[in-house]
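Here's what the structure looks like:
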């Protein structure tokens, strides 16, 4: 996913993030529960709370550039969100 180009709305971008994560989780409803942060302006990607196995599957999908641990999360209190930041092209 490259940001969608001209005329793509923020909601359409969010829907594409949900669909991307749903490919490895099995359902869009589960994906919606796991995503806690989205970016649709400077970079295109989303933050989600997933385990390492799911992270590895997500990293292998077409259009996913990389999957990184979220450096803003307090690991003890999880006061910012989840565990992984996903950048997509």
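Residue numbers (UniProt numbering): 1 to 89. From the three backbone atoms N, C-alpha and C, an ideal C-beta is built for every residue, glycine too. No experiment lies behind these values; they were computed from the predicted model shown.
Span of the beta strand (DSSP E), counted from its first residue to its last, around residue i
i: residue 39; result: 35 to 40
i: residue 68; result: 64 to 69
Beta-carbon proximity check, residue i vs residue j, cutoff 8 Å
i: residue 67; j: residue 20; result: no
i: residue 36; j: residue 49; result: yes
i: residue 44; j: residue 13; result: yes
i: residue 18; j: residue 54; result: no
Unbroken alpha helix (DSSP H) run spanning residue i, endpoints
i: residue 17; result: 10 to 25
i: residue 61; result: Run containing residue 61: none; DSSP gives neither H nor E here.
Per-residue burial, residue i [other beta carbons within 10 Å of its own, 16 or more giving buried]
i: residue 47; result: buried
i: residue 34; result: buried
i: residue 51; result: exposed
i: residue 70; result: buried
DSSP bridge partner residues for residue i (one or two, in chain order)
i: residue 43; result: In DSSP, residue 43 forms no bridge with anything.
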